[in-house]
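Student: Here it is: the structure, laid out below.
In the UniProt record's numbering, the protein residues as written are 1 to 58.
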(Lines of atoms letter the chains of each structure in order from A and count residues from 1; the text may use other names and numbers.)
(Lines give C-alpha, C1' and ligand atoms only; values in the text may rest on other atoms or scores of the structure.)
Protein backbone atom coordinates (compact mmCIF):
# COMPACT_ATOMS: atom_id res chain seq x y z
CA UNK A 1 0.00 0.00 0.00
CA UNK A 2 1.30 3.48 -0.78
CA UNK A 3 0.27 7.08 -0.29
CA UNK A 4 -0.99 9.17 -3.20
CA UNK A 5 2.54 10.52 -3.71
CA UNK A 6 3.92 6.97 -4.01
CA UNK A 7 5.72 6.95 -0.67
CA UNK A 8 5.13 3.91 1.57
CA UNK A 9 2.72 4.24 4.48
CA UNK A 10 4.33 4.00 7.90
CA UNK A 11 2.65 3.58 11.24
CA UNK A 12 4.55 6.30 13.13
CA UNK A 13 2.53 9.35 11.94
CA UNK A 14 -0.71 7.60 12.85
CA UNK A 15 0.50 6.65 16.31
CA UNK A 16 1.07 10.36 17.03
CA UNK A 17 -2.64 11.13 16.50
CA UNK A 18 -4.91 11.53 19.55
CA UNK A 19 -6.45 8.36 21.01
CA UNK A 20 -10.00 9.42 20.02
CA UNK A 21 -9.11 9.95 16.35
CA UNK A 22 -11.73 8.01 14.32
CA UNK A 23 -9.36 5.69 12.46
CA UNK A 24 -5.82 4.59 13.30
CA UNK A 25 -3.37 2.06 11.98
CA UNK A 26 -2.40 -0.65 14.43
CA UNK A 27 1.17 -1.86 14.92
CA UNK A 28 0.78 -4.15 11.88
CA UNK A 29 -0.22 -1.29 9.57
CA UNK A 30 -3.86 -2.40 9.41
CA UNK A 31 -6.72 0.07 9.69
CA UNK A 32 -8.27 0.11 13.14
CA UNK A 33 -11.53 2.03 13.42
CA UNK A 34 -12.77 3.53 16.65
CA UNK A 35 -16.10 2.15 17.86
CA UNK A 36 -19.22 4.12 17.03
CA UNK A 37 -20.88 6.15 19.76
CA UNK A 38 -23.79 4.56 21.65
CA UNK A 39 -26.10 7.25 20.30
CA UNK A 40 -25.20 6.44 16.70
CA UNK A 41 -25.43 2.69 17.28
CA UNK A 42 -28.91 3.13 18.79
CA UNK A 43 -29.94 5.24 15.79
CA UNK A 44 -28.72 2.60 13.33
CA UNK A 45 -30.41 -0.15 15.36
CA UNK A 46 -33.74 1.71 15.31
CA UNK A 47 -33.45 2.30 11.55
CA UNK A 48 -32.79 -1.40 10.96
CA UNK A 49 -35.76 -2.30 13.16
CA UNK A 50 -38.02 0.04 11.15
CA UNK A 51 -36.87 -1.48 7.86
CA UNK A 52 -37.32 -5.04 9.07
CA UNK A 53 -40.71 -4.25 10.64
CA UNK A 54 -41.92 -2.65 7.42
CA UNK A 55 -40.88 -5.59 5.26
CA UNK A 56 -42.16 -8.14 7.77
CA UNK A 57 -45.61 -6.51 7.86
CA UNK A 58 -46.15 -6.86 4.10
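The beta carbon of each residue, even a glycine, is placed where N, CA and C say it ideally should be.
(1) In terms of alpha-carbon separation, which member of 48, 45, 30 and 21 lies closest to residue 10?
(2) When you compare only the Cα positions, how much space is there between residue 55 and residue 42?
(3) Per the DSSP calculation, residue 13 is bridged to which residue(s)?
Tutor: On the basis of the supplied data:
(1) The sequence position of residue 10 within the chain shown is 10, counting from 1. The option with the nearest alpha carbon to residue 10 is 30.
(2) For the purposes of this step, residue 55 is taken as the residue at position 55 of the chain shown. For the purposes of this step, residue 42 is taken as the residue at position 42 of the chain shown. The C-alpha of residue 55 lies about 20 angstroms from the C-alpha of residue 42.
(3) Here residue 13 is taken as the residue at index 13 of the chain shown, counted from 1. Residue 13 is not bridged to any residue.
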